[in-house]
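Enquirer: So the sequence shown is residues -22 to -1, 1 to 159, counted in mature numbering (1 follows the signal peptide of the UniProt record, and there is no 0).
Cβ atoms here follow ideal geometry from the backbone N, Cα and C, with glycine treated the same way.
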Amino acid sequence: MLAIQVFYSLISLLFLSSGILATPLPSSKVYLNELVVRAPPIPSLAEVKAQMNVLPNTSLFYSCNDLGEGSCRQARDWARKNHPEYKVLAQLWKNPSYPNPWQVDPDTSKAFFDVASQAMAELSAGKVYVILGPWTQPDGKDWYAGSYWAREEWPALLANSRANPVVRVNAATGATIKIKG
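#1: Helix, strand or coil for Ala17, going by three-state DSSP, please let me know.
#2: Helix or strand or just coil, what does DSSP make of Ser37?
#3: Please go through the same chain and pick out, in chain order, the residues whose beta-carbon is closer than 6 Å to the beta-carbon of Gly104, but skip the five residues on each side of it.
#4: In terms of residue numbering, what span does the beta strand (DSSP E) encompassing Asn73 cover?
#5: What residue range is occupied by the uninterrupted beta strand (DSSP E) comprising Val145?
#6: Looking at Val145 and Tyr107, is the spacing between their C-beta atoms short of 8 Å?
#7: What does the alpha-carbon distance come out to for the pair Lys72 and Ala150?
#8: Cβ atoms of Leu101 and Val32: under 8 Å apart, would you say?
#9: So the alpha helix (DSSP H) Leu67 belongs to, where does it begin and stop?
#10: Is it true that the CB of Asp120 sits closer than 8 Å to the CB of Ile157?
#11: So, Ala99 versus Ala53, is the Cβ gap smaller than 8 Å?
#12: Expressed to the nearest angstrom, what Euclidean distance is found between the alpha-carbon atoms of Trp127 and Leu38?
#13: Excluding five sequence neighbours on each side, which residues of the same chain lie with their C-beta closer than 7 Å to the C-beta of Ala89?
#14: Going by beta carbon distance, what residues of the same chain come within less than 7 Å of Gln81, once the five residues before and after it are set aside?
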């Protein structure tokens, strides 16, 4: 009788142990994927400025609320034709891959480029161009309020006494208007 009880106890122990051992453990792979996708903290304005090479009379901003007028391609094409020394933000990084870690999702990218746009505007000096769509106001100061230009770049250029003049270029026609200086 004792032998049967010991036998059932061992069977029960083995059965329960195998259930415990067979229980899947949390996979570190899930956490690893989250870590790989997560961007590093957004760098400070000073950190971003240290990664840029912005020379006087080379800053070219652009902004659009549609893919057409005021696009990066239009800005680069305009610069190639009219002022090849002028560069957009993507061309001003000391290391072109510097912004890559912050391109993981739209919110992170927006937060990074808010800082980067402000940094470029604060580092700009001399004549600055901005490629935008057509203007309707006589002073040329009407643009899409939600853009990097409206939120970060223009306010920083207004406060930057070294950035003078600032000239707006109509992306469609090439017409220009001085909006600062």
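Expert: Per the coordinate set shown:
#1: On the sequence shown, position 39 is the one that residue 17 refers to. Coil at Ala17, not helix or strand.
#2: Against the sequence shown, residue 37 aligns to sequence position 59. Strand.
#3: The residue you call residue 104 lines up with position 126 of the sequence shown. Pro34, Asn35.
#4: As a working note, residue 73 is residue 95 in the sequence shown. Note, Asn73: premise wrong, no beta strand (DSSP E); not H, not E.
#5: As a first step, residue 145 must be located in the sequence shown, where it is residue number 167. Start and end: 141 to 148.
#6: Here residue 107 refers to the residue found at position 129 of the sequence shown. Here residue 145 refers to the residue found at position 167 of the sequence shown. Taking 8 Å as the cut-off, the Cβ atoms of Tyr107 and Val145 count as close.
#7: If you number the sequence shown from 1, residue 72 lands on position 94. If you number the sequence shown from 1, residue 150 lands on position 172. Cα to Cα, Lys72 sits roughly 31 Å from Ala150.
#8: The residue labelled residue 32 in the question sits at position 54 within the sequence shown. The residue labelled residue 101 in the question sits at position 123 within the sequence shown. Yes, the Cβ-Cβ distance between Val32 and Leu101 is below 8 Å.
#9: Reading the sequence shown from its first residue, position 89 is the one you call residue 67. Looking at the DSSP string, Leu67 is not in any alpha helix (DSSP H), and its letter there is neither H nor E.
#10: Here residue 157 is taken as the residue at index 179 of the sequence shown, counted from 1. Here residue 120 is taken as the residue at index 142 of the sequence shown, counted from 1. It is not a contact, given that the beta carbons lie outside the stated cut-off.
#11: The residue given as residue 99 occupies position 121 in the sequence shown. The residue given as residue 53 occupies position 75 in the sequence shown. For Ala99 and Ala53, no; Cβs fall outside 8 Å.
#12: Walking along the sequence shown from the start, residue 127 turns up at place 149. Walking along the sequence shown from the start, residue 38 turns up at place 60. Distance between the alpha carbons of Trp127 and Leu38 is about 11 Å.
#13: As a working mapping, residue 89 is identified with position 111 in the sequence shown. Within the same chain, Ala89 has close Cβ partners Ile20.
#14: On the sequence shown, residue 81 is found 103 positions in, with the first residue counted as 1. Only Ser87 meet the Cβ criterion.
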